[in-house]
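K.L.:
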Ligand code: HEM
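Numbering (the working numbering), first residue to last: 359 to 497.
1) With burial defined as no fewer than 16 other Cβ atoms inside 10 Å of the residue's Cβ, what is the status of residue 374: buried or exposed?
2) Cβ of residue 400 within 8 Å of any heavy atom in the ligand HEM?
3) On the three-pair Cβ rule with 8 Å, is the segment 436-455 touching the segment 484-494?
4) Report, in whole angstroms, the separation of the C-beta atoms of residue 438 and residue 478, which I expect to be a contact under 8 Å.
5) Within 10 angstroms of its Cβ, does residue 448 collect 16 or more other Cβ (buried), or is it exposed?
6) If you draw a straight line from the C-alpha of residue 482 to the C-alpha of residue 371, how long is it?
7) Three-state secondary structure (DSSP) at residue 359?
8) In three-state terms, what does DSSP make of residue 386?
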């Protein structure tokens with residue numbers, strides 16, 4: 359079967375977000391439900407007033423950083439090392455910080471179902487390994 363133009367022009371990580379966007383207009387509730395199920399301690403870290411905005415913005419900026427890191431590395435990916443440092447002040451351990459990326463991956467995988475291809479899975483494995491290495495490098 360010929361690949362659609364969408365599939366040809368994007369790297370597998372970008373493609374996973376595009377395919378998810380066709381199924382779900384806003385990943386925010388799905389991602390945070392999964393985060394708080396797996397790490398209930400994270401829920402109380404967010405302020406109760408204005409917390410929705412902060413959570414939405416944190417996810418949007420994280421996705422921007424992921425897309426840059428998996429693509430052209432123009433600069434948005436630097437947010438990852440920067441926020442790793444500042445999150446220590448919010449009481450977010452390095453392990454929990456890193457877990458957020460796997461939670462995003464798992465959310466996309468569930469949304470994509472059969473369209474979660476081997477190429478997408480491998481690209482995400484590499485991305486998570488690279489982020490782990492980045493977060494282990496002293497700033
Ligand atoms: C599970 C892991 C994480 C937890 C528990 C967490 C927790 C938090 C909390 C509590 C805040 C709000 C601070 C406030 O009230 O001002 C925040 C903000 C933020 N986080 Fe995270 N964070 C996590 C992972 C990440 C990751 C991986 C990134 C990006 C690489 C990130 C980027 C940001 C940014 C940019 C903000 C500021 C959002 C805004 O106000 O515009 N966070 N985070």
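Quick reminder that beta carbons are idealized off the backbone N, C-alpha and C, glycines included.
What you are looking at is a predicted structure, and each value in this text was computed from that prediction instead of being measured.
P.N.:
Concretely, from the data shown:
1) Position 16 of the chain shown, counted from the start, is the residue given in the question as residue 374. Flag for residue 374 reads buried.
2) By one-based count along the chain shown, residue 400 stands at place 42. Checking every heavy atom of the ligand HEM against the Cβ of residue 400, one is found closer than 8 Å.
3) Contact holds: three or more Cβ-Cβ distances are below 8 Å.
4) Working through the chain shown from its first residue, we reach residue 438 at position 80. Working through the chain shown from its first residue, we reach residue 478 at position 120. So it is not a contact: roughly 20 Å between Cβ atoms.
5) Translated into the one-based positions of the chain shown, residue 448 becomes position 90. Exposure of residue 448 is indicated by the presence of fewer than 16 other C-beta atoms within 10 angstroms of its C-beta.
6) The sequence position of residue 482 within the chain shown is 124, counting from 1. The sequence position of residue 371 within the chain shown is 13, counting from 1. A direct Cα-Cα distance of roughly 6 Å separates residue 482 from residue 371.
7) Numbered from its first residue, the chain shown carries residue 359 at position 1. Model confidence at residue 359 stands at a pLDDT of 49, short of 50, so the residue's coordinates are unreliable and nothing is read from them.
8) Here residue 386 refers to the residue found at position 28 when the chain shown is read from its first residue. DSSP places residue 386 within a helical segment (H, G or I) once states are collapsed to three.
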